[in-house]
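In this note's numbering, the protein residues as written are 41 to 293.
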């Protein structure tokens with residue numbers, strides 16, 4: 041099977057304190073994964089490695105068949121779509137939507153060069169997929185949080201990546217907009233040449249049917265790993281999140 045992510049014996053320390061400890065994680069084409077864990081468990085650090093922002097002190101990392109140490113991380117970042125609230129916050133409110141989307145080409149926070157016809161067509165195509173073509177020409181700061189997220193999703197897809205990482209993408213959305221985004225993610229997974237999707241979330245309802253596997257992190261270590269149906273159960277959630285059996289049945293069933 042074709043590997044998308046291969047992380048072997050990865051450890052990271054910051055300020056002398058271990059953040060990740062001997063993490064092993066392999067994903068294959070056709071799978072979509074969720075990543076969960078308590079605040080401070082190491083999720084953000086693991087995502088920083090996946091998108092090429094951080095190099096581990098120990099272990100080996102290969103993303104899309106490219107091994108760290110044998111590829112430019114800048115080139116890698118162009119192949120991985122990334123959606124995060126901090127990207128939304130870095131976008132200046134006066135930047136046009138089309139420049140926000142086009143900025144995904146080089147991972148910047150605004151595409152201020154002249155755009156060729158092919159770039160404009162690509163931007164329009166990505167906005168149209170997320171049913172947001174009417175946003176073309178508007179300023180990013182005039183959009184609702186849901187509209188901004190669609191723009192950042194279009195930005196993440198501008199290079200047609202094979203790996204798409206969604207870092208708590210739904211946290212600012214109301215219920216209706218959240219369900220709308222679930223629909224878009226489901227449609228994206230049904231596309232030919234769809235990317236593998238990794239979603240980082242604190243909410244069980246975000247684990248929609250397209251997600252097939254999960255990895256749970258606790259205190260920088262892998263607490264659970266495998267198929268979704270083997271992960272989402274009372275014993276594992278009690279272990280990772282300290283939820284009593286009574287409360288699990290009360291709030292999760």
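Note that the Cβ used here is the ideal one computed from N, Cα and C, for glycine as well. It should be emphasised that the depicted structure is a prediction, and the values quoted were computed from it without experimental measurement.
If we ignore side chains and look at the alpha-carbon of each, how far apart do residue 239 and residue 264 end up? Looking at the two C-alpha atoms, the distance is approximately 16 Å.
With DSSP collapsed to three states, give me the class of residue 379. Because the chain here runs from 41 to 293, residue 379 falls outside it and cannot be looked at.
Which listed residue (148, 195, 181) has its alpha carbon closest to that of residue 165: Distance from the Cα of residue 165 is smallest, within the candidate group 148, 195, 181, for 195.
Under 8 Å, do residue 255 and residue 268 count as touching if we go by C-beta distance? In this structure, residue 255 lies away from residue 268, with their beta-carbon atoms at least 8 Å apart.
With 16 other Cβ atoms within 10 Å as the buried cut-off, status of residue 129: The residue in question, residue 129, is exposed, as its Cβ has fewer than 16 Cβ neighbours within 10 Å.
Relative to the C-alpha of residue 117, which residue among 69, 249, 198, 281 is closest? Nearest of 69, 249, 198, 281 to residue 117, Cα basis: 198.
Rounded to the nearest angstrom, what separates residue 204 and residue 121 at their Cα positions? Computed Cα separation, rounded: 4 Å.
Pairwise C-alpha distance: residue 250 and residue 226: So the alpha carbons of these two residues sit roughly 6 Å apart.
Pull up the distance between the alpha-carbon of residue 221 and that of residue 209, whole angstroms please. Per the coordinates, the alpha-carbon of residue 221 lies some 9 Å from the alpha-carbon of residue 209.
Nearest-angstrom Cα separation, counted from residue 262 out to residue 64: Going from the Cα of residue 64 to the Cα of residue 262 covers about 8 Å.
Just grab the DSSP bridge partners of residue 76 for me. DSSP output for residue 76 lists 256 as bridge partner(s).
When burial is assigned at 16 or more other CB atoms within 10 Å of the CB, is residue 216 buried or exposed? An exposed status is given to residue 216, since fewer than 16 other beta-carbon atoms sit within 10 Å of its beta-carbon.
Which partner residues of residue 206 appear in the DSSP bridge assignment? Residue 206 is bridged to 123, 239.
Bridge partners of residue 244, per DSSP? Looking at the DSSP output, residue 244 bridges to nothing.
Taking the C-alpha atoms as reference points, what is the distance between residue 266 and residue 167? Approximately 34 Å, taken between the alpha carbons.
Three Cβ pairs or more, each shorter than 8 Å: is that satisfied between the segment 99-113 and the segment 124-138? Contact between the segment 99-113 and the segment 124-138 is absent: fewer than three C-beta pairs spanning the two stretches fall below 8 Å.
Buried or exposed, going by whether 16 or more other CB atoms sit within 10 Å of the CB of residue 162? Residue 162 is buried by the Cβ-count criterion.
Rounded separation between residue 114 and residue 92 - CA only: Going from the Cα of residue 114 to the Cα of residue 92 covers about 7 Å.
My understanding is that residue 68 touches residue 44, with C-beta atoms under 8 Å, so please give their C-beta distance in whole angstroms. Beta-carbon to beta-carbon, residue 68 and residue 44 are separated by about 6 Å, close enough to satisfy the 8 Å threshold.
Do residue 103 and residue 207 come within 8 Å of each other at the CB atom, strictly closer than that value? Against a cut-off of 8 Å, the Cβ pair of residue 103 and residue 207 comes out as no contact.
What does the alpha-carbon distance come out to for the pair residue 49 and residue 66? Rounded to whole angstroms, residue 49 and residue 66 show a C-alpha spacing of 11 Å.
Under the rule that 16 or more other beta-carbon atoms within 10 Å means buried, what is residue 139, buried or exposed? Buried is the call here.
Using a Cβ-Cβ distance cut-off of 8 Å, determine whether residue 179 contacts chain B. Here chain B cannot be found, since the structure has a single protein chain.
Give the range of the beta strand (DSSP E) segment to which residue 261 is assigned. First-last of the beta strand (DSSP E) with residue 261: 261-267.
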